[in-house]
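Under the working numbering, the first residue of the sequence shown carries the number 1, and numbering increases by one thereafter. Read through the structure below, which is laid out as structure tokens, and then see the notes.
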Amino acid sequence: SASLQFLQSHLEMFIENVRQIEIMVSDVQPQTQTVLNQKLNGMIAGLREINKIRSQVEDVYVPLEVCYEFIDKNKNPHLYTRDVLLTTRAKNEEVKGTIEAFQKLKANLLLELFQTFPDEMNTYRAYRSDTM
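Structure below.
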């Protein structure tokens, strides 16, 4: 949505501004004080802009793991999405294997039942023709 794009662009500008401030503060020079003040004022203005659109993006859910495990450790949040997709795919494969195992078990049980109880199973087959 437009609100999310606006937020994303303002966050990117804010992060870049903070990065520049960090560089300036690490090597403070008297001649850079004016520029540093401008950058700090820009940072404050950026926070105000972000705060203005807060109500438009309050319904967006960001898992806490993204904040704690990725953003706080300066990792790309997209890695979280990748990890979730990989975990989901692995679980899907596991469930698929379980389903296939149960289908084989059912087929083997039906085969054994037909061999052991042919009359009863023919009656069952007539009753449940849609499942066999």
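Cβ coordinates follow ideal geometry from the N, Cα and C atoms, glycine included.
- request: Can you tell me which of the three DSSP states Asn-122 falls into?
  value: If you number the sequence shown from 1, residue 122 lands on position 122. Residue state, collapsed to three classes: helix.
query: Considering Asp-83, what are the terminal residues of the alpha helix (DSSP H) in which it resides?
result: One-based indexing of the sequence shown puts residue 83 at position 83. It spans 78-116 - the alpha helix (DSSP H) in which Asp-83 sits, taken as one unbroken run.
message: Using only the alpha-carbon positions, how far apart do Tyr-61 and Cys-67 sit?
response: Position 61 of the sequence shown, counted from the first residue, corresponds to residue 61. Position 67 of the sequence shown, counted from the first residue, corresponds to residue 67. About 12 Å.
For Glu-120 and Leu-111, the rounded distance between their alpha carbons: In the sequence shown, residue 111 corresponds to position 111, counting from 1. In the sequence shown, residue 120 corresponds to position 120, counting from 1. Going by the C-alpha atoms only, they are around 13 Å apart.
message: Would Gly-46 and His-78 qualify as a contact pair, given that the criterion is a beta-carbon distance under 8 Å?
response: The residue given as residue 46 occupies position 46 in the sequence shown. The residue given as residue 78 occupies position 78 in the sequence shown. In this structure, His-78 does not lie closer than 8 Å to Gly-46 by Cβ.
- prompt: When burial is assigned at 16 or more other CB atoms within 10 Å of the CB, is Lys-39 buried or exposed?
  reply: Sequence index remark: in the sequence shown, residue 39 carries index 39 (1-based). That one is buried.
message: Using only the alpha-carbon positions, how far apart do Asn-76 and Ala-2 sit?
response: Taking the sequence shown and counting its residues from 1, the one referred to as residue 76 is at position 76. Taking the sequence shown and counting its residues from 1, the one referred to as residue 2 is at position 2. Each residue's Cα considered, the two are about 22 Å apart.
message: Would Phe-14 and Ile-44 qualify as a contact pair, given that the criterion is a beta-carbon distance under 8 Å?
response: On the sequence shown, position 14 is the one that residue 14 refers to. On the sequence shown, position 44 is the one that residue 44 refers to. For Phe-14 and Ile-44, no; Cβs fall outside 8 Å.
CB-CB length for Ile-21 against Leu-36, believed under 8 Å: Numbered from 1 along the sequence shown, position 21 holds the residue referred to as residue 21. Numbered from 1 along the sequence shown, position 36 holds the residue referred to as residue 36. The pair is a contact, with the Cβ atoms about 7 Å apart (cut-off 8 Å).
message: Measuring only the C-alpha atoms, how far is Glu-94 from Ala-101?
response: Position 94 of the sequence shown, counting from 1, holds the residue named residue 94. Position 101 of the sequence shown, counting from 1, holds the residue named residue 101. For Glu-94 and Ala-101, the distance between alpha carbons rounds to 11 Å.
The alpha helix (DSSP H) enclosing Lys-39, as first and last residue numbers: As a working mapping, residue 39 is identified with position 39 in the sequence shown. Counting along the chain, the alpha helix (DSSP H) containing Lys-39 begins and ends at 33-52.
- request: Compare the Cα-Cα distances from Val-57 to each of Leu-105, Gln-8 and Glu-12 and report the closest residue.
  value: Here residue 57 refers to the residue found at position 57 when the sequence shown is read from its first residue. The residue with the shortest Cα to Cα distance from Val-57 is Gln-8.
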